[in-house]
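Oh and the sequence shown: position 116 is 115 in numbering that gives the first Met the number 0, straight run, nothing missing. Here a beta-carbon is modelled for each residue, glycine too, at the ideal position from N, C-alpha and C.
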Amino acid sequence: MSKKRPHGVGFLVRPPTDREPGDLNVWDVAAQWSARRWLRRLRSKLAAGQRAAEDSPAISAALDQHVQAVRAQINADVSAREGMVPAPYLVVLAIYTEALYREALKAGWHPPQVWSADDGVSMRLLACCEVASRRNGPSGASRRNGSVRR
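Below, the structure written as structure tokens:
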């Protein structure tokens, strides 16, 4: 007697190993969708910080510095993956952000009621969300083929 498999599960699908660096496949699409969704949820939790950056030149300047640091870190992470299975930029960004977020929660961090340029953890998390949103906007639109844009 054969076991019935759930609908749509007839075989195990694995990512292809013969991909070119710019190829986009179902794994990349799913990972990017998940990364984008997670970063949007975090951004909504940090919306007060975005408003504070719009109102305060000091917070805005600190955010810009953190955005540059996040970009440098993610570009370094992407470069370090050279020769390995490629990961879309947005996915690498989400992995970095989630690790930072989890460590912050372990240390007792919560989104601040009052934002300050001196709150490095909150500013860095907001900067990660800002980098993600700029990559999806008119000036930072990522390419569909998954290539890294610097």
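Take residue i and list the residues in its own chain whose beta-carbon comes closer than 8 Å to its own, dropping the five residues that flank it on each side.
i      : result
Tyr95  : Val69, Gln72, Ile73, Asp76 and Cys127
Pro110 : Lys44, Leu45, Ala47, Gly48 and Ser121
Leu104 : none
Gly153 : Because the chain is modelled from 0 through 149, residue 153 falls outside the range shown and cannot be assessed.
Tyr100 : Leu41 and Leu124
Leaving aside the five residues before and after residue i along the sequence, list all residues of the same chain whose C-beta is less than 6 Å from its C-beta, in chain order.
i      : result
Ala116 : Ala57, Ile58 and Ala61
Arg42  : Cys128
What is the DSSP secondary structure of residue i, counted as helix, strand or coil?
i      : result
Trp26  : helix
Asp118 : coil
Pro82  : The question names Pro, yet the displayed sequence has Gly at residue 82. Here Gly82 sits in coil by DSSP.
Leu38  : helix
Ala106 : coil
Gln112 : coil
Are the CB atoms of residue i and residue j nearer to each other than 9 Å?
i      : j     : result
Leu38  : Ala93 : yes
Ala86  : Ala30 : yes
Gln112 : Ala52 : no
Arg35  : Leu89 : yes
Trp114 : Ser33 : no
Ordered along the chain, which non-local residues of its own chain (more than five positions away) have a Cβ less than 7 Å from that of residue i?
i      : result
Arg80  : Ala86
Asp118 : Pro111
Report back the beta-carbon spacing between residue i and residue j to the nearest angstrom; my notes put them in contact at under 8 Å.
i      : j      : result
Val66  : Val130 : 6 Å
Val120 : Trp108 : 6 Å
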